[in-house]
Structure formats: C-alpha cells, structure tokens
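Every letter in the first sequence is one number past the one before it in the working numbering, and letter 243, counting from 1, is 447.
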Amino acid sequence: MAEDKLPTRSEDFAEWYNKIVLKAELADYAPVRGCMVVRPYGWALWENTTAALDRRFKETGHLNAAFPMLIPMSFFEKEKAHVEGFSPELAVVTHGGGEKLEEPLVVRPTSETIIGYMYAKWIKSWRDLPVLINQWGSVVRWELRTKLFLRTTEFYWQEGHTAHATAKEAKEETFRILDIYADVAISEAAIPVIKGYKSETEKFAGAVMSTSIEAMMQDKRALQSATSHYFGQNFSKAFEIQYLDQNNTLQLCETTSWGLSTRMIGAMIMVHGDDQGLVLPPRLAPIQTVIVPIYKNDAEKSQVKPVAERVFAELKAAGIRVKLDDRDEVTPGFKFNDWEMRGVPLRLEIGPKDIEKGSVALARRDKPGKEGKSFVQQAGLADAVAALLTEIQASLLARATAFRDANIHDPKSYEELKQVVADGWAFSWWCESKECEAKVKEDTKATTRCIPLEGQPGGTGTCIVCGKKAEKKVYFARAY
RNA sequence: CGGGGCGUGGCUCAGACCGGUAGAGCGCACGGUUCGGGUCCGUGAGGUCGAGAGUUCAAAUCUCUCCGCCCCGACCA
Numbered sequence: 205m206a207e208d209k210l211p212t213r214s215e216d217f218a219e220w221y222n223k224i225v226l227k228a229e230l231a232d233y234a235p236v237r238g239c240m241v242v243r244p245y246g247w248a249l250w251e252n253t254t255a256a257l258d259r260r261f262k263e264t265g266h267l268n269a270a271f272p273m274l275i276p277m278s279f280f281e282k283e284k285a286h287v288e289g290f291s292p293e294l295a296v297v298t299h300g301g302g303e304k305l306e307e308p309l310v311v312r313p314t315s316e317t318i319i320g321y322m323y324a325k326w327i328k329s330w331r332d333l334p335v336l337i338n339q340w341g342s343v344v345r346w347e348l349r350t351k352l353f354l355r356t357t358e359f360y361w362q363e364g365h366t367a368h369a370t371a372k373e374a375k376e377e378t379f380r381i382l383d384i385y386a387d388v389a390i391s392e393a394a395i396p397v398i399k400g401y402k403s404e405t406e407k408f409a410g411a412v413m414s415t416s417i418e419a420m421m422q423d424k425r426a427l428q429s430a431t432s433h434y435f436g437q438n439f440s441k442a443f444e445i446q447y448l449d450q451n452n453t454l455q456l457c458e459t460t461s462w463g464l465s466t467r468m469i470g471a472m473i474m475v476h477g478d479d480q481g482l483v484l485p486p487r488l489a490p491i492q493t494v495i496v497p498i499y500k501n502d503a504e505k506s507q508v509k510p511v512a513e514r515v516f517a518e519l520k521a522a523g524i525r526v527k528l529d530d531r532d533e534v535t536p537g538f539k540f541n542d543w544e545m546r547g548v549p550l551r552l553e554i555g556p557k558d559i560e561k562g563s564v565a566l567a568r569r570d571k572p573g574k575e576g577k578s579f580v581q582q583a584g585l586a587d588a589v590a591a592l593l594t595e596i597q598a599s600l601l602a603r604a605t606a607f608r609d610a611n612i613h614d615p616k617s618y619e620e621l622k623q624v625v626a627d628g629w630a631f632s633w634w635c636e637s638k639e640c641e642a643k644v645k646e647d648t649k650a651t652t653r654c655i656p657l658e659g660q661p662g663g664t665g666t667c668i669v670c671g672k673k674a675e676k677k678v679y680f681a682r683a684y
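Below, the structure written as structure tokens:
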C-alpha cells in the first residue's frame, strides 16, 4: 500500500489535499468536467455544517424556501455589473423537449435575479418587510480551473436573500449574517476567520458592499470562506422591488444576499489536516469517537465484544456520534490508521488488558503518539469522552489561531511586503486605490483579502505601496 | 485559452525507444493463519491497453486526428 500513502504537506500540499479528499472518501471526481460527487462521509460533514448554520438562520428569523434552478437569460441582463461579472461563467440550456427554446435558460450561478423578480411580485407594503429567505441548493459556474470542494463547476451552498425598508436595516442584516458565518467557522469548524470588507475590485458583481470571512490555510494561502453582501438599491432598481411606505410613497427596497458553500469543507481539511490525513473538529465530525475492539482469539473476543458493545451503547445514549468498528477482516493496526486518515477526533481501544482493569485506552487525533494517549476507567466514560471532545475542539482552534497569527506579518517596506506574502499574509496600511492593489497582485500574485472590521489600529498611516495617506489596514495574501 | 505532465484490470505502475497476440504490486472474492500500530500463506475473479483513422502479415508499441484528467497561469464561493 506504500504507493497509496499520502504525500506530506510540505512535499506537495496540493497533491496532499487531493489525495486526502479521495482517500478519506469525502468526494470523488464525477464524469462531468469540474464536477464532484460528494460521498456519504463528506456529505455527513456538510450536513453537520448546514445544521449548525440553519439553526442560527432560523433563530434570527429567516425562513427556507426553494426557487427554480433555471433562470431566463434576460434576467441577467437587468443588472449591469451582475451580468458583466457572471456572463463568462454561465451554463445555458438552449433546448427543451427536443425543441430549441425561444429564450435560453441559465442554470443558476446564484439566484439574486430570479428571487428579485419574485420579491417584486410579493412585496407591496412596508408591512411586508423585511423578507428574510434562505435557500439550500446547488449552483453552477463554469470555472476555468476546478478543485475538489474549493471550486467545482457545480457546488452546494445556501444563499440567503433579504429585502428591507431601509439601508440601515439591510446593512445590519449583512453584518448579522457575517457574524453567524464567523461564529460557525470559529465555534463549530474551529477555523479562526477574520471578518472584513472586500475591496472594490474583489466585491461581488452588483454589490455596493461585500463582506467576507477569510481563513488561513496551512500553506498560508487565504480562503474566502463565506460572503455577505449589501446591494443597496441595485437589484431593487433592476427588478423593481418596491413598497409603499407609511406615507403612501413608493420606495425602493434595500437588499442583501449571503452564501456559504461546500468550500467550507475544503477549509476544514486544509486548516486542520496533518500528514496522517484528515483531522476533523469534534463538533462537526460525522464520527466523533470510534471504538476499536482488540482480541487475538475467540475466547478474548467473547470477553471484549460485550464490553465494546456496552460502551458503544453508553456513548450513543450520551449523544456522542460513535462508531464500533467490529470488522474481523482487518487488524486493529489497520483500523488505527484508517480512522486516523478519516480524521475521527477520538479513538477508544478496548482489549483484554482493559477488561482486566476495567479501563479503556483513548487516543486523541489532534495529538498523535504518546502525548494524546490516556487510559480511563469504564465507569463514567461518557462524561470523560465528552470532556475530551470539547478539549480537542478547543485545542484545534487554539492551534489554528496560533498558526495564523504567527504567519501574519507587518512589513515595514514594500520590498518586505513582497517577501512576506510569498509565504504568509501581510497586514498593511493601504490607500484603497485600485492601482496599488493591482501593483501588489502584479508583483506578488497576492490580492487584498479584506479590510478587517476588528483590529484596526486607529488613526492613519501611509500606504505600503505608494506612501500616500491611508485610513485602513488591509490583509494582502495569495488566495485560493 | 497558454505552459507542463499523464491516459495499460478498482488503484499505483512496468511493457513502447527496437511491432509478434498483456504483466507486477496493492486492492477485491474464498479458505486458513494472525490481531495492543498498516499480518502471513494459498486459491481465484478481473483488461474495448482513452477514442478513431492510418501503416503493416501482425499495433499497447510506429504515424495522424480527437477526447479526457492532473499541475501551473488568466476567471472565481
């Protein structure tokens, strides 16, 4: 099986990533260009992520709905920036039922247009506002270069679309959702993300303001992990989303949209994984604890098996996502490696020695080797396991945060910036001009990731590129 | 679309330069053996050699065309 081993992250990070996705059976290549099949283990991880998000959306008053995946081509032409942004990557249906269609239908790359159309129909009065709707589904974008989970032709996501009476409310909504995204990333996925504004060049096609959460991968590249946009009246003008206010005056709505996709799975892989394979955060891991029974003959098996089954039942009853690996055709050593590769946070071993001592052996995925190994009594095991899972979750976040902070630099000169973004992020004053942004990209391939909402030093400084006065500091990094 | 690499059982690849009727390891099935860190032995199933055309008595191998995949760049959640 040697040739099947993962390359190490330092040898070839891109190849390590591809192999891990395939080997851990998160996803596989589909027979369609740039598309992937999300396999059950990967989908379970996504479902846990979506559940965490969906709960928060509902707690903040949002409702789920479903809109068509086919959108009339003409809808895209109604908002100038939107069509310019998306037309290069549209998949278009030209035939239906054997006949050429009068108007081609676009396979949705995002649903602002068709939802905007419906909102225009539904919204008449100030009493109808706000409209807070989310949709779970998939979209298609004809990307030139794809990569499993990070950028596939079709990808799964949620897209929220809201309409409000005032700019203030719409902006509040934009940030409310950004906070939810950051909370899910940090407290569920254990990914320390940075919230911020996108620059003019990086913002969404048709947005007045785009915000995002940005995460640092282990190769120090940045991954935009979710976005939340404020549209002002751009889409309400294009689709005539209007309402009568309390003074019987016709007003345009203020709208937002926001999305988080299966890309988040890619972020988890690249933030936490190690050379053994996946490392999943306990809160989202499909299997939180795997039990590996150990025996070398039928006599031992008959002793070990009932205990393993009892422990399994206890953990399950305690609400822990637990799996009992009772395969007879492979050895315990094989199972250890197998579940490590699949990122299960905690392994629980039960063998003859444990039966004798009334104990079990625990092995933490985040701390391979002796450091993460412990022995605990079978009595009160569920509490001990739950506590350990909580600790692992915290330790993953702490480790990722330390890594991120160690790789964010504050270059003193443009020359130094060029050096640091080759293998890290730069946090620098920037005059917010497109020219300076373009120069950095040209010289280093790094782009502005976001102007962070928090952690601005205050006052003013001088732009790291041109030396002119700058109001804000921005992150420069190479992005996925 | 530009640059690079690659298409041979499920996977990783050998065979190609020098044409002669397809191999290995892993995986898979079955039997036995083993089991606290990727057991070992035996038996067996499994291949339009990416596709098409051409050259030839004969093509995985030579020629041409096409298709697909991966990596790097432009586009992007």
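Even for Gly, the Cβ is constructed at its ideal location relative to N, Cα and C. Every value quoted in this text rests on a predicted model; they were computed, and no experiment measured them.
> Looking at C-alpha atoms only, which residue of 646, 504 and 498 is the closest neighbour of residue 538?
Replying inline: 498
> Under the rule that 16 or more other beta-carbon atoms within 10 Å means buried, what is residue 268, buried or exposed?
Replying inline: exposed
> The beta strand (DSSP E) with residue 285 in it runs from where to where?
Replying inline: Premise fails: residue 285 lies in the alpha helix (DSSP H), 284–290, not in any beta strand (DSSP E).
> Taking the continuous beta strand (DSSP E) assigned at residue 300, which residues delimit it?
Replying inline: 295–300
>> With a threshold of 8 Å on Cβ separation, who are the neighbours of residue 548 within its own chain once the five nearest residues in sequence on each side are excluded?
In response: 484, 489, 491, 492, 493, 494, 527 and 569
>> Assuming residue 366 and residue 335 are in contact, meaning their beta carbons sit under 8 Å apart, how far apart are those beta carbons, in whole angstroms?
In response: 6 Å
> The beta strand (DSSP E) spanning residue 420 covers which residue range?
Replying inline: 413–420
> If you scan the region 513–569 from start to end, which runs of the alpha helix (DSSP H) of 4 or more residues do you find wholly inside it?
Replying inline: 536–545 and 556–561
> Going straight from the alpha carbon of residue 399 to that of residue 630, what length do you get?
Replying inline: If you take the alpha carbons of residue 399 and residue 630, they lie about 16 Å apart.
> If you check the beta carbons only, do residue 410 and residue 285 fall under 9 Å apart?
Replying inline: Contact: yes.
> Secondary structure at residue 603, three-state DSSP: helix, strand or coil?
Replying inline: helix
> Which residues does DSSP pair with residue 363 in a beta bridge?
Replying inline: 339 and 463
>> Since residue 392 and residue 522 should fall inside the 8 Å C-beta cutoff, what is the C-beta to C-beta distance between them, to a whole number of angstroms?
In response: Going by Cβ atoms, the distance from residue 392 to residue 522 rounds to 20 Å, so no, they are not a contact pair.
> Going by the C-beta, is residue 345 closer than 8 Å to any heavy atom of the ligand ATP?
Replying inline: As far as ligands go, the structure on display features none, and thus does not contain the ligand ATP.
>> Using C-beta distances below 8 Å, list every residue in its chain close to residue 471, excluding the 5 sequence neighbours before and after it, in chain order.
In response: 389, 393, 395, 419, 421, 427 and 429
> Under three-state DSSP, which class holds residue 433?
Replying inline: Strand at residue 433.
> So residue 495 is in the alpha helix (DSSP H); what residue range does that whole segment cover?
Replying inline: Residue 495 -> not in any alpha helix (DSSP H); beta strand (DSSP E) instead, spanning 493–497.
>> Here's a check: name, in chain order, each residue in its chain whose Cβ is nearer than 7 Å to the Cβ of residue 615, leaving out the five neighbours to either side.
In response: 621, 624, 630, 632 and 668
>> One question on the structure: do residue 414 and residue 320 come within less than 9 Å of each other, judged by their Cβ atoms?
In response: For residue 414 and residue 320, no; Cβs fall outside 9 Å.
> For residue 458, is the classification buried or exposed, using 16 other Cβ atoms within 10 angstroms of its Cβ as the cut-off for buried?
Replying inline: buried
>> To the nearest angstrom, how far is the alpha carbon of residue 317 from that of residue 643?
In response: Rounded to the nearest angstrom, the two C-alpha atoms are 34 Å apart.
> If we call anything under 9 Å between Cβ atoms a contact, is residue 312 one with residue 271?
Replying inline: yes
> Under the rule that 16 or more other beta-carbon atoms within 10 Å means buried, what is residue 567, buried or exposed?
Replying inline: buried
> When the Cα atoms are used, what is the spatial distance from residue 487 to residue 598?
Replying inline: A direct Cα-Cα distance of roughly 10 Å separates residue 487 from residue 598.
>> I'd like the span of the beta strand (DSSP E) that includes residue 306, first residue to last.
In response: 303–311
>> Quick test of your reading: residue 641 and residue 652, contact by CB under 8 Å. State the CB separation rounded to the nearest angstrom.
In response: 5 Å
>> Quick check on DSSP: helix, strand or coil for residue 258?
In response: helix
>> Among the candidates 469, 582 and 338, whose CA atom is the shortest distance from the CA of residue 224?
In response: 469
> Taking C-beta to C-beta, are residue 356 and residue 238 nearer than 9 Å?
Replying inline: Less than 9 Å separates the beta-carbon of residue 356 from that of residue 238.
> If you draw a straight line from the alpha carbon of residue 518 to that of residue 260, how long is it in whole angstroms?
Replying inline: 29 Å
> Exposed or buried, what is residue 216 when buried is set at 16 or more other beta-carbons lying within 10 Å of its beta-carbon?
Replying inline: Under this definition residue 216 is an exposed residue.
> Is residue 205 buried or exposed, if buried means 16 or more other CB atoms sit within 10 Å of its CB?
Replying inline: Note that residue 205 has pLDDT 33, beneath the 50 cutoff, so the model's placement of it is unreliable and no number is given.
>> Tell me the residue span of the alpha helix (DSSP H) that contains residue 278.
In response: 277–280
> residue 330 lies in the beta strand (DSSP E); which residues open and close that run?
Replying inline: Note, residue 330: premise wrong, no beta strand (DSSP E); not H, not E.
> Smallest Cα separation from residue 661: which of 672, 678 and 530?
Replying inline: 678
> CB residue 338 to CB residue 303, shorter than 9 Å?
Replying inline: no
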